[in-house]
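Written below as structure tokens is the structure these notes are about.
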Amino acid sequence: MIDALNTSLRKLPAWTLYIVAPLPAAFWLWQGATGASGPEPIKALEHSLGEFALQLLIVGLAVTPLRKWTGLNLLKFRRAIGVVSFFYVLLHFLTWLVLDMSLLWGQILGDIVKRPYITIGFIGFVLLIPLAVTSNNASVRKLGARWRKLHKLVYPAVLLGGLHWVWLAKGWQVEPLLYMGAILAILALRVIPKPRKRALVA
Amino acid sequence: MAHRWTNKLTKADVTPEAIWLNRRQIIAGLTAAGMAGALAGRAEAAGDTLEPNSFDDITSYNNYYEFGTGKNDPADNAGALDTSNWSIEIDGMVDRPGTYTLADLIDGLTEEERIYRFRCVEAWSMIVPWNGFELADLLAKAGVQEAARYVAFETVVQPENMPGVRRKVIPFPYVEGLRIDEAMHPLTMMATGIYGKPMPNQNGAPIRLVVPWKYGFKSIKSIVRISLVADEPPTTWNNLNAREYGFYSNVNPQVSHPRWSQASERVIGGGLFAKRQETLMFNGYEEEVAALYDGMDLTKNY
């Protein structure tokens, strides 16, 4: 089954992701503009974008463990997934900056410095910038081994993203905790040693 | 009552005209029925610069954790709340303690419409046309004794009808409280409706508190118990996180909350491109309530 899946995925070019990727954002914006997302469309948009960004980051991080544990090979899509997740983090940030905070710079800077959940969310975003900038073949060639090292920044970034949500929720809410659990589990899978060949054959 | 705040919203921004006209009819109706009299005049004076949000906004964007933590959860889940045979227990330092049916409790009290600003600690706000009566009138009915210094309130707990209670997101029953002078203030009301309709479940049916100069979580919903006590009563959010949620929780743009800057707020119902507006001291009721806190350091008593 996995082999058949891998074979058909091989035929699918990675750039198709870039065509589908903006559709959710466009849909949420349309919902906000038509009132379909409720009386507070800005918060709804901000939350949808942020949650989707986190989901994409988790999917991107799942590529390696999936290959290791199930044999499913999504490696060629990983860079596109990463770039798209950055795009959604950026949209989430811009929605906060422009629509939510109305570009009130004094209050925005104050919030980034004083409010821990905003601070860590912002740091997570900043950590992703060099990754997005170097997500091209030229950078991979130029940076060589350092490229892999640099892109490990995604681990702290996704942890900060998960924490950002846990922290901003009033009280201990279930959904952000589930995401945080998923992030921790998926990072832990990288540390657990590979299953032995024999187990896979059986 | 001359407010320094001037309303920047227009009818076109937030209120469908049908609802606006409907509201005027409610007031006209109340006046014609002779129920409101001078008090209706006062309520109108306090609210005549404020344009209420639509009924839809007010009833579909709520915090009521007993029904879930999402803003839509209360509207989706509150239908099962059982408000039949509602009674409120009044106990503590009162002359006439007991369990009162809602009808007995309301009987003889002056009902009126009050258009108030409503400011959530999460830095969003609405304008709500409440129907109800002054808490002071209700307390007078129970006969508050000299020694009582605080009023404590408790929300109903119906685990079978409240999915949030089953998940125990926060400890239940939800409890809140006011100092006696805050409770007796003429702005403090017990609301039984919105736009002249019975209180929707998600907004705290059948009867809730409204304290317009405090963050919304102080205005406890679906009240089943009122206790007159000598000491400051425990309050739910203060118990959970005292640093963030003080006993007073007065709307104060100068006291920054660890989670939300309180300097500005987002007005619900303005659409995607509505700008933030500045938050007013005591939510715009400074003239009416500032004297309650004379001599208190509001950064300590936040």
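Those sequence lines, one after another, are chains A and B. Residues in the first sequence are numbered from 20 upward in steps of one, following the working numbering. Residues in the second sequence are numbered from 37 upward in steps of one, following the working numbering. Ideal Cβ positions, reconstructed from N, Cα and C, are used throughout, including at glycine. On a predicted model such as this, the values are computed, not experimentally measured, just so you know.
Using a C-beta to C-beta distance shorter than 7 Å, which residues of chain B count as neighbours of residue i?
i      : result
D22/A  : Result: empty, since nearest Cβ-Cβ is about 42 Å, beyond 7 Å.
A81/A  : The contacting residues do not exist; A81/A stays about 26 Å from chain B at best.
L123/A : S300 and R312
Q126/A : S297, A299 and S300
A52/A  : L308
G129/A : S297
Could you check if residue i is buried or exposed, using at least 16 other CB atoms within 10 Å of its CB as the buried criterion?
i      : result
A72/B  : Since pLDDT at A72/B reaches only 41, below the 50 mark, its modelled position is unreliable, and the value read off the structure follows with that caveat. A72/B comes out buried.
T315/B : buried
N155/A : exposed
M20/A  : exposed
R165/A : exposed
A188/B : buried
M332/B : exposed
Y338/B : buried
Y136/B : buried
I205/A : buried
E149/B : buried
K189/A : buried
D273/B : According to the sequence shown, residue 273/B is Trp rather than Asp. Label assigned to W273/B: buried.
G77/B  : With a pLDDT of only 43 at G77/B, under 50, the local geometry of the prediction cannot be trusted, and the value read off the model is given with reservation. With fewer than 16 Cβ atoms within 10 Å of its Cβ, G77/B is classed as exposed.
L197/A : exposed
P242/B : buried
E194/A : exposed
A114/B : buried
K177/B : buried
Which bits of chain A does residue i rub up against, with CB to CB less than 7 Å?
i      : result
L276/B : G190
W160/B : E59
I206/B : G190
Y152/B : Those within 7 Å of Y152/B in chain A number zero; the least Cβ separation is about 18 Å.
What does residue i touch in chain A if you count any residue whose Cβ is under 9 Å from its own?
i      : result
N108/B : G57
P294/B : K133, R134 and P135
T271/B : Within chain A, no residue comes near T271/B; the closest Cβ sits about 14 Å away, beyond 9 Å.
D93/B  : G57, P58 and E59
S285/B : In chain order: nothing, as chain A lies at least about 13 Å away.
T105/B : A188, K189, G190, Q192, V193 and E194
Please state the DSSP three-state secondary structure of residue i.
i      : result
G229/B : strand
Q192/A : coil
I211/A : coil
K171/A : helix
R202/B : helix
G331/B : coil
N275/B : helix
L245/B : strand
N286/B : strand
R160/A : helix
M19/A  : It is not possible to answer for residue 19/A, since the shown part of chain A is limited to 20 through 221.
Y37/A  : helix
P269/B : coil
K257/B : coil
R134/A : coil
K336/B : coil
K107/B : coil
T85/B  : coil
M37/B  : Low per-residue confidence applies at M37/B: pLDDT is 39, beneath 50, and the placement is therefore not dependable enough to give any value.
N237/B : helix
T83/A  : helix
Name the chain B residues that come within less than 9 Å of residue i, Cβ to Cβ?
i      : result
S67/A  : None at all; the shortest Cβ gap to chain B is about 13 Å.
I61/A  : R302, G306, G307, L308, F309 and A310
L118/A : L308, F309 and A310
Return the Cβ separation of residue i and residue j in integer angstroms, given the expectation that the two are a contact with Cβ distance under 8 Å.
i      : j      : result
I163/B : F169/B : With a Cβ gap of about 20 Å, I163/B and F169/B do not count as contacting.
V108/A : A72/A  : 4 Å
N275/B : L334/B : Not a contact, Cβ separation roughly 21 Å.
G128/B : A172/B : Not a contact, Cβ separation roughly 17 Å.
T114/A : L68/A  : 6 Å
G54/A  : L64/A  : Rounded, the Cβ-Cβ distance is 12 Å, inconsistent with contact.
Let me check one thing: in DSSP terms, what residues is residue i bridge-paired to?
i      : result
L214/B : V187/B
W166/B : R150/B and I230/B
W160/B : R302/B
E314/B : S300/B
I124/B : Y136/B
V339/B : One cannot answer for residue 339/B here, as it falls past the ends of chain B, which runs 37 to 338.
S263/B : D127/B and A188/B
R155/B : S161/B
K250/B : N286/B
List, in chain order, every chain A residue whose beta-carbon is nearer than 8 Å to that of residue i.
i      : result
R203/B : V193
T315/B : The contacting residues do not exist; T315/B stays about 11 Å from chain A at best.
Y100/B : By Cβ distance, chain A contributes nothing, its closest Cβ being about 13 Å from Y100/B, past 8 Å.
Y97/B  : G57, P58 and E59
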